[in-house]
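Working notes, structure below.
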Amino acid sequence: MKLQRMVNQAGYLMMALTLSFSSVAEWVVEEGYVRKPIPGRSMTAAFMDLRNVSDTDSTLISAKLEGAKSVEIHTHSHVDGMMRMRQLHELTIKAGETMSFEPGGLHLMIFGIKALPESPELTLCDKNQVCSTHILTTRSLVKK
Ligand SMILES: [Cu+2]
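Shown next as structure tokens:
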């Protein structure tokens with residue numbers, strides 16, 4: 221009897237652990253797109269609305285984009301009347317909140333693009349190394 225209960229408890233514990241470590245949807249990306257690089261350039265930026273759909277705050281620490289060498293989280297700030305880009309090493313999004321990555325503000329800086337797919341996969345990882353994949357679109361610099 222006692223053993224059975226212990227086995228059950230171990231089972232519940234395992235289940236709880238599995239649940240807490242499984243990658244439950246944490247972030248939702250809306251309107252996510254990569255700006256097509258200027259011909260001959262390998263650098264560009266990506267924009268999106270990043271929503272934290274979990275019930276805890278989450279911290280983005282790294283990102284990867286299909287077809288690119290590296291991705292950095294950047295923001296713009298005014299320095300002596302000039303707009304400067306600044307790298308962020310982490311970005312916390314409160315539970316239920318949305319961060320807008322948009323031109324002139326927060327953005328993902330994309331480096332080392334060789335061939336950019338039409339719908340590249342963006343991988344976002346949080347500080348616990350839980351990663352999720354999101355499909356972006358691509359847009360030309362020239363607006364239609
Ligand atoms: Cu930048």
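Residue numbering for the sequence shown follows our numbering, starting at 221 and increasing by one per position. Don't be surprised by glycine CBs; every beta carbon is placed ideally from N, CA and C.
Under DSSP, V291 shares a beta bridge with I330. The nearest non-hydrogen atom of ligand 1 is 7 Å or more from the C-beta of M303.
Taking the CA atoms as reference points, N272 sits about 30 Å from V299.
Cβ-Cβ separation between L328 and V291: approximately 5 Å, consistent with a contact (criterion under 8 Å). Taken from the Cβ of A283, every heavy atom of ligand 1 lies 7 Å or farther away. Here E246 is buried. Its C-beta has 16 or more other C-beta atoms within 10 Å. Only residues of its own chain outside the window of five on either side were considered, and among them E286 and G287 have a CB closer than 7 Å to the CB of P337, listed in chain order.
Between the alpha carbons of K347 and T295 lies a distance of about 19 Å.
Comparing alpha-carbon positions, the option among E250, T276 and G316 lying closest to F267 turns out to be E250. Beta bridge pairing from DSSP links M302 with V299. In chain order, S262, A288, K289 and S290 place their CB closer than 7 Å to the CB of G332, counting only its own chain and leaving out the 5 sequence neighbours on each side.
The residue among I258, I355 and I293 with its C-alpha nearest the C-alpha of L361 is I258. M302 and I330 have their C-alpha atoms roughly 22 Å apart. Counting along the chain, G252 sits inside the beta strand (DSSP E) bounded by residues W247 to R255.
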